[in-house]
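The listed protein sequences correspond, in order, to chains E and W. Here the first sequence is numbered in numbering that gives the first Met the number 0, starting from 0 and rising by one per residue. Here the second sequence is numbered in numbering that gives the first Met the number 0, starting from 0 and rising by one per residue. Positions of the beta carbon are idealized from the N, C-alpha and C atoms, including for glycine.
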Amino acid sequence: MRYSGFRILREALRGHRGWGPAWRDADPQPSYDIVIVGGGGHGLATAHYLAARYGARRVAVLEKGWIGGGNVGRNTTIIRSNYLLDGNEPFYELSMKLWEGLEQDLNYNAMVSQRGVLNLCHSDAQRDAYRLRGNAMRLHGADAELLDADAVRAMYPFLNFDDARFRIRGGLLQRRGGTVRHDAVAWGYARAADSRGVDIIQNCAVTGLRIEGGRIRGLDTTRGPIAAGKVGVAVAGHSGAVMAMAGLRLPIESHVLQAFVTEGLKPVLDGVITYGAGHFYVSQSDKGGLVFGGDIDGYNSYAQRGNLPVVEDVCEGGMALMPMIGRARLLRMWGGIMDMSMDGSPIIDRTPVEGLYFNGGWCYGGFKATPASGLAFAHLLATDTPHETAAAYRLDRFRAGRMIDEKGMGATPNLH
Amino acid sequence: MIIDHPLLGPRDAREFTYLGDAALIDRPDGLAAGAEDAFYDYLYLRDNPAGLHRELWYHEQGDRSWLVVTRDTRSHEITQVELARDVALALGRGA
Ligand SMILES: Cc1cc2nc3c(=O)[nH]c(=O)nc-3n(C[C@H](O)[C@H](O)[C@H](O)COP(=O)(O)OP(=O)(O)OC[C@H]3O[C@@H](n4cnc5c(N)ncnc54)[C@H](O)[C@@H]3O)c2cc1C
Numbered sequence: 000m001r002y003s004g005f006r007i008l009r010e011a012l013r014g015h016r017g018w019g020p021a022w023r024d025a026d027p028q029p030s031y032d033i034v035i036v037g038g039g040g041h042g043l044a045t046a047h048y049l050a051a052r053y054g055a056r057r058v059a060v061l062e063k064g065w066i067g068g069g070n071v072g073r074n075t076t077i078i079r080s081n082y083l084l085d086g087n088e089p090f091y092e093l094s095m096k097l098w099e100g101l102e103q104d105l106n107y108n109a110m111v112s113q114r115g116v117l118n119l120c121h122s123d124a125q126r127d128a129y130r131l132r133g134n135a136m137r138l139h140g141a142d143a144e145l146l147d148a149d150a151v152r153a154m155y156p157f158l159n160f161d162d163a164r165f166r167i168r169g170g171l172l173q174r175r176g177g178t179v180r181h182d183a184v185a186w187g188y189a190r191a192a193d194s195r196g197v198d199i200i201q202n203c204a205v206t207g208l209r210i211e212g213g214r215i216r217g218l219d220t221t222r223g224p225i226a227a228g229k230v231g232v233a234v235a236g237h238s239g240a241v242m243a244m245a246g247l248r249l250p251i252e253s254h255v256l257q258a259f260v261t262e263g264l265k266p267v268l269d270g271v272i273t274y275g276a277g278h279f280y281v282s283q284s285d286k287g288g289l290v291f292g293g294d295i296d297g298y299n300s301y302a303q304r305g306n307l308p309v310v311e312d313v314c315e316g317g318m319a320l321m322p323m324i325g326r327a328r329l330l331r332m333w334g335g336i337m338d339m340s341m342d343g344s345p346i347i348d349r350t351p352v353e354g355l356y357f358n359g360g361w362c363y364g365g366f367k368a369t370p371a372s373g374l375a376f377a378h379l380l381a382t383d384t385p386h387e388t389a390a391a392y393r394l395d396r397f398r399a400g401r402m403i404d405e406k407g408m409g410a411t412p413n414l415h
Numbered sequence: 000m001i002i003d004h005p006l007l008g009p010r011d012a013r014e015f016t017y018l019g020d021a022a023l024i025d026r027p028d029g030l031a032a033g034a035e036d037a038f039y040d041y042l043y044l045r046d047n048p049a050g051l052h053r054e055l056w057y058h059e060q061g062d063r064s065w066l067v068v069t070r071d072t073r074s075h076e077i078t079q080v081e082l083a084r085d086v087a088l089a090l091g092r093g094a
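Encoded structure:
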């Protein structure tokens with residue numbers, strides 16, 4: 000069923016009895032050409048592009064819970080393409096372009112809102128670093144503007160400009176950055192993939208990988224064995240557990256990242272702001288809640304909830320930057336499990352097992368990557384060659400010394 | 000989280016900084032055969048278990064000792080705390 004304004008009108012006149020489910024609740028078939036493990040944003044996007052752009056038939060997505068229950072439904076919905084390094088920026092800029100056409104491509108309202116992402120700077124050195132980054136972005140065709148303090152003040156007069164230690168001296172603004180309704184991304188990709196025959200199988204956890212003679216043959220799941228020609232794993236925080244089923248250890252640690260939302264308020268903040276002197280970033284959802292977060296808790300975790308020290312740290316950052324936030328009441332907080340890689344950049348690659356492919360290491364920034372990650376992973380699965388924008392995301396780059404380390408932190412996942 | 004320091008008793012986890020898997024104590028011999036592979040493994044690859052994890056915490060805002068904490072990564076429950084020095088000595092790394 001195509002969604003349109005006309006359709007809404009028609010359904011309104013007929014008591015909304017004509018809407019059907021957006022996708023089938025498929026049961027597993029005995030075998031598929033390609034099986035994607037993980038029904039998060041990346042797995043569902045991969046399935047969509049496999050079917051829509053690479054003509055793949057007989058594709059399934061296996062999800063251990065319900066689609067959208069992982070990080071794709073837990074993130075703070077920010078999209079941007081403001082990276083410095085060559086290995087990253089073309090990929091994230093492709094993702095931004097795909098976001099810009101996503102709703103038409105999927106015929107689904109994902110509430111893509113290019114409301115601008117502003118990174119604040121608080122020292123001369125930070126301004127220089129942002130100028131460098133902005134220029135790198137522009138060289139790759141992205142947009143970037145360096146603002147001085149007055150320009151920031153004109154946009155957000157309520158910020159704490161005259162903090163004794165961390166005065167706001169300006170910021171790097173990407174106007175095309177913004178937010179996207181995260182659940183709608185999962186649902187939109189699921190619906191589009193399903194309409195091209197992809198089976199989306201929920202409540203189906205992968206419990207084992209069947210490998211014979213160095214080649215993948217299929218999977219064991221909680222809903223029985225499934226034969227597969229190729230298997231693509233996109234399970235984010237659970238990458239280590241699933242790849243261990245193939246005997247592989249990864250350059251990844253799983254960490255918890257928390258997020259927070261306040262009660263609904265009248266519009267006060269029309270873009271996304273990140274604090275350059277502390278761990279805090281904030282935007283306002285269309286429902287009115289201030290959505291904010293900060294840094295990961297910093298220790299290995301699969302608990303999907305964090306601890307008080309980081310809650311305090313984030314709230315202190317919020318109070319330092321935007322004192323009026325102290326008047327808002329916190330409604331909810333939650334956590335998600337991040338696949339933190341050793342250089343802070345992702346992996347989209349083949350593995351030593353023939354027919355087994357891996358997508359992971361997204362750290363706290365994989366939501367914005369969802370469209371490009373899906374397209375690049377689909378490209379890899381369909382053609383066995385890396386997508387041109389993802390060619391640096393190799394699994395062997397750590398051994399080869401070709402790290403893509405935006406922050407320059409080295410092999411310390413909790414600092415990226 | 001409260002870490003029950005073997006010398007100082009229960010301490011708030013925010014006094015500590017976290018390094019990661021306690022296997023990092025077992026730094027390979029850079030001169031041994033196969034050192035390149037051993038260091039790749041040591042530096043970059045992790046077991047990353049969902050369950051009990053032995054990990055290194057540094058009491059930075061305390062007595063500056065390194066601890067090996069055994070913690071369940073699914074619940075954050077801490078079941079054992081040792082001085083990293085004792086663990087290293089038991090591994091024969093004292094010489
Ligand atoms: C609090 C928070 C804030 C964030 N904010 C942002 C942000 O503002 N911008 C941004 O770009 N990124 C952000 N991120 C990161 C982003 O959400 C993730 O990097 C991204 O969603 C990961 O990809 P995914 O959507 O495919 O993951 P997920 O949605 O986690 O998908 C993985 C799926 O695999 C399933 N799975 C796991 N094991 C198995 C198994 N054995 N069998 C079958 N299925 C399995 C899981 O159930 C899960 O549904 C944030 C993350 C968090 C937690």
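Provide the residue(s) that pair with residue i in DSSP beta bridges, ordered along the chain.
i: Arg227 of chain E; result: With the sequence shown as reference, residue 227 of chain E is identified as Ala, and Arg is not the correct amino acid for it. According to DSSP, Ala227 of chain E bridges with E:Tyr31.
i: Asn306 of chain E; result: Looking at the DSSP assignment, Asn306 of chain E forms no beta bridge with any residue, so it has no partner.
i: Ser253 of chain E; result: E:Asp338
i: Leu119 of chain E; result: E:Gly170
i: Gln79 of chain W; result: W:Thr69
i: Phe165 of chain E; result: For Phe165 of chain E, which the question treats as bridged, DSSP gives no partner whatsoever.
i: Ile66 of chain E; result: According to DSSP, which records beta bridges pairwise, Ile66 of chain E is partnered with nothing at all.
i: Pro9 of chain W; result: W:Asp3
For residue i versus residue j, is the C-beta spacing smaller than 9 Å?
i: Gly317 of chain E; j: Gly325 of chain E; result: yes
i: Asp404 of chain E; j: Gly343 of chain E; result: yes
i: Ala371 of chain E; j: Phe165 of chain E; result: no
i: Glu353 of chain E; j: Ile215 of chain E; result: yes
i: Met337 of chain E; j: Leu249 of chain E; result: no
i: Ala148 of chain E; j: Gly169 of chain E; result: yes
i: Arg45 of chain W; j: Glu252 of chain E; result: yes
i: Val260 of chain E; j: Leu329 of chain E; result: yes
i: Gly69 of chain E; j: Gly335 of chain E; result: yes
i: Lys286 of chain E; j: Gly270 of chain E; result: no
i: Glu10 of chain E; j: Trp22 of chain E; result: no
i: Gly239 of chain E; j: Ala21 of chain W; result: no
i: Tyr417 of chain E; j: Met339 of chain E; result: No answer is possible for residue 417 of chain E: the residues shown for chain E start at 0 and end at 415.
i: Val68 of chain W; j: Ile2 of chain W; result: yes
i: Leu51 of chain W; j: Trp65 of chain W; result: no
i: Arg13 of chain W; j: Pro385 of chain E; result: no
i: Leu49 of chain E; j: Ala189 of chain E; result: no
i: Tyr392 of chain E; j: Leu320 of chain E; result: no
Got a sec: is the Cβ-Cβ distance from residue i to anything in chain W below 9 Å?
i: His237 of chain E; result: yes
i: Ser194 of chain E; result: no
i: Gly297 of chain E; result: yes
i: Pro308 of chain E; result: yes
i: Glu102 of chain E; result: no
i: Leu444 of chain E; result: No statement about residue 444 of chain E is possible, as the shown extent of chain E runs from 0 to 415 and does not include it.
Could you confirm whether any beta carbon from chain E is found closer than 9 Å to the beta carbon of residue i?
i: Ser64 of chain W; result: no
i: Tyr17 of chain W; result: yes
i: Thr78 of chain W; result: no
i: Tyr57 of chain W; result: no
i: His4 of chain W; result: no
i: Glu81 of chain W; result: no
i: Pro48 of chain W; result: yes
i: Thr69 of chain W; result: no
i: Asp25 of chain W; result: no
i: Ala12 of chain W; result: yes
i: Asp98 of chain W; result: Residue 98 of chain W is absent from the model: chain W starts at 0 and stops at 94.
i: Leu30 of chain W; result: no
i: Asp113 of chain W; result: Nothing about residue 113 of chain W can be reported from this structure: the residues present for chain W run from 0 to 94 only.
i: Leu88 of chain W; result: no
Is any heavy atom in ligand 1 found nearer than 8 Å to the beta carbon of residue i?
i: His47 of chain E; result: no
i: Thr369 of chain E; result: yes
i: Cys362 of chain E; result: yes
i: Met337 of chain E; result: yes
i: Ile77 of chain E; result: yes
i: Trp98 of chain E; result: no
i: Phe366 of chain E; result: yes
i: Asn87 of chain E; result: no
i: Ile66 of chain E; result: yes
i: His58 of chain W; result: no
i: Glu405 of chain E; result: no
i: Val95 of chain W; result: Within the shown structure, residues of chain W are numbered from 0 to 94, placing residue 95 of chain W beyond reach of any answer.
i: Glu62 of chain E; result: yes
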